[in-house]
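Trainee: Structure below; questions to follow.
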Amino acid sequence: MSITKQKKEEILENLKESLKKAKIVVFVNFHGLSVSLANELRKILRSMGVTYMVAKKTLIKKALETFGFSGEMPKLEGEIAIAVSDSDPLASAKALEQFAKKNKDKIKLGGGVFENKYIGAETVIMLANIPAREILLGQLVNIINSPIQGLVVTLNGLVSKFVRTLEEIAKKKS
Numbered sequence: 015m016s017i018t019k020q021k022k023e024e025i026l027e028n029l030k031e032s033l034k035k036a037k038i039v040v041f042v043n044f045h046g047l048s049v050s051l052a053n054e055l056r057k058i059l060r061s062m063g064v065t066y067m068v069a070k071k072t073l074i075k076k077a078l079e080t081f082g083f084s085g086e087m088p089k090l091e092g093e094i095a096i097a098v099s100d101s102d103p104l105a106s107a108k109a110l111e112q113f114a115k116k117n118k119d120k121i122k123l124g125g126g127v128f129e130n131k132y133i134g135a136e137t138v139i140m141l142a143n144i145p146a147r148e149i150l151l152g153q154l155v156n157i158i159n160s161p162i163q164g165l166v167v168t169l170n171g172l173v174s175k176f177v178r179t180l181e182e183i184a185k186k187k188s
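Converting from the sequence shown to the working numbering requires adding 14 to each position, the first position being numbered 1.
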């Protein structure tokens with residue numbers, strides 16, 4: 015079913031508006047996704063503040079061309095939707111990747127746009143596997159603390175040896 019030129023322009027403007035403030039855009043091939051699974055995916059993404067839009071590939075390409083992203087645009091195969099996040103890029107990539115793992119033959123990640131560059135599906139998966147900010151901060155604190163902790167353990171060992179040596183000398187004298 016074809017859509018009117020006015021409707022196409024409206025969709026194109028919506029796409030451009032969403033892409034303008036996007037931190038990450040993920041292309042999703044949803045061929046074979048049932049309505050109930052599609053609604054579940056939309057619900058998950060909506061709770062994270064991610065916009066999920068289905069549009070014709072030509073309209074998506076036109077909208078992307080206006081921004082002049084660097085790199086090579088991934089092939090958009092099958093039925094394509096875009097997930098656009100203007101808040102936490104890693105959380106949306108993680109949610110999409112987990113949903114794709116759970117529904118392997120029904121949904122595939124097809125790349126996207128991150129930091130004004132086109133990225134492949136592998137890069138989206140790599141981004142999805144980066145730990146949460148809190149975990150990374152905890153690891154950083156641990157790395158910063160480990161030399162200090164090592165020094166304390168070493169100094170404590172030296173003091174303990176010294177005290178034991180003094181005790182042995184005291185025993186021998188008495």
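For glycine and all other residues, C-beta sits at the position ideal for the given N, C-alpha and C.
1. Have a look at residue 65 and residue 98 and give me their C-alpha separation to the nearest angstrom.
2. Could you tell me which of 57, 69, 54 sits nearest to residue 16, measuring between CA atoms?
3. I need the straight-line Cα distance from residue 152 to residue 142, nearest angstrom please.
4. Counting Cβ pairs closer than 8 Å, one from the segment 23–31 and one from the segment 104–111, do we hit at least three?
5. Which residue or residues does DSSP assign as beta-bridge partners of residue 84?
6. Hey, how far is the Cα of residue 86 from the Cα of residue 133?
7. Flag this pair as yes or no: are the beta carbons of residue 100 and residue 30 separated by less than 8 Å?
8. Bridge partners of residue 67, per DSSP?
9. Can you tell me whether residue 118 is helix, strand or coil according to DSSP?
10. Roughly how many whole angstroms lie between the Cα atoms of residue 160 and residue 167?
Mentor: Considering the structure as presented:
1. 5 Å
2. 69
3. 19 Å
4. no
5. 131
6. 8 Å
7. no
8. 96
9. coil
10. 10 Å
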